[in-house]
Amino acid sequence: MSSYKQLFTVATCGLVVSLNAFSGEMLDVNNIKFEDNNFKNCVLAQKIMNPKNITKLVCRQVNIDHANEVSYFPALKELWLSGSQLTNIDLSKNTELTSVSITKSNLANLNLNNNSQLTELNVSFNHISKLDLTKNPQLTDLSIVSNKIEDINLSENTKLMYLWAKENNLKKIDFSHNLELIQAGLTDNQLFQINVSHNGQLNNLSLMYNQLSELDISKNIKLTKLHITDNKITKLDISHNPRLRALWATGNPLVELNISSNPSLNDYEVDETVSVKK
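Just so we're aligned: the sequence shown equals residues -23 to -1, 1 to 255 in mature numbering (1 follows the signal peptide of the UniProt record, and there is no 0).
Structure representation (structure tokens):
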């Protein structure tokens, strides 16, 4: 073999070795340069060394400041982070995510535009003021409890079944595209009006501590629980809700309430001044 061929062979082998070494870095979580040791320890606790094989990551009550290394886990489907100090997280590379729960943290915003497979989202107890869900058509469960959200667009979330959004600053909400909605918790917001006439599947509706002056539930025949404590409702017709079992309505300027069409209603609370017809 000529010296030229020998040199070429050695160089080629060296290149292959170098490429393999580089690839090896991405095949072992120990070679990822984590910014936060607590997050690194949580990842290592999963006992899966190849980042491409990590599909579920659970870090509960772990003091994590940074977790952007989730970008190394392209197959990730479930991500649960709670009790962390996260102010932001980049999920743009995690396109397979179906369930995300980041609660009791310091998130101010969250970009989910690349997470079209998402079905469950829980970002309760954060500092989020805006949340874009228009790229998440598969969403069925949404919890945004105790944030700073004033407005949210749910028009693209036609599969939404469960919404928990109490303790926000919502002044309005449009449910006209959410025909599958079963439960909606909107306690402690700033709602002046709400239309649930398109939500025939609704069985649990909580609207306590808002500013509602009227409420039409004539189309919600499957309703079993209605909580409207501390609003400004003067009239309430529940004659079209035969399945209603619980009604909390104290703190409203109601004059009378007819419950003669509600044979299952065994838990109801109204002010003593309200005339109840049975």
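Note that beta-carbon positions come from the ideal geometry of N, C-alpha and C, so glycine has one too.
Item                                                                                                                              : Value
Expected contact under 8 Å - CB spacing of residue 55 and residue 70 to nearest Å                                                 : Not a contact, Cβ separation roughly 16 Å.
Among 41, 30, 35, the one whose alpha carbon lies nearest that of residue 13                                                      : 41
Proximity winner among 218, 213, 248, 109, relative to residue 228 (alpha-carbon distances)                                       : 248
Beta-carbon spacing of residue 170, residue 147 below 8 Å                                                                         : no
Entirely enclosed beta strand (DSSP E) segments - the region 40 to 72, minimum 3 residues                                         : 55 to 59
Three-way DSSP call (helix, strand, coil) for residue 223 in this model                                                           : strand
Chain-order list of residues whose beta-carbon lies under 6 Å from that of residue 165 (same chain, five-residue window excluded) : 143, 144, 186
Nearest-angstrom beta carbon gap, residue 254 and residue 237 [assumed within contact, 8 Å]                                       : 6 Å
Proximity below 8 Å, CB of residue 92 to CB of residue 113                                                                        : yes
Own chain, CB closer than 8 Å to residue 126, minus 5 neighbours either side, in chain order                                      : 105, 106, 107, 108, 142, 145, 146, 147
Proximity winner among 243, 75, 163, relative to residue 128 (alpha-carbon distances)                                             : 163
Whole-angstrom distance between residue 74 and residue 27, CA atom to CA atom                                                     : 18 Å
Residues bridged to residue 22 [DSSP beta-bridge criterion]                                                                       : Paired residue(s): none; residue 22 is not in a bridge.
Other residues of its chain near residue 179: CB distance less than 8 Å, five sequence neighbours each side excluded              : 158, 159, 160, 161, 173, 197, 199, 200
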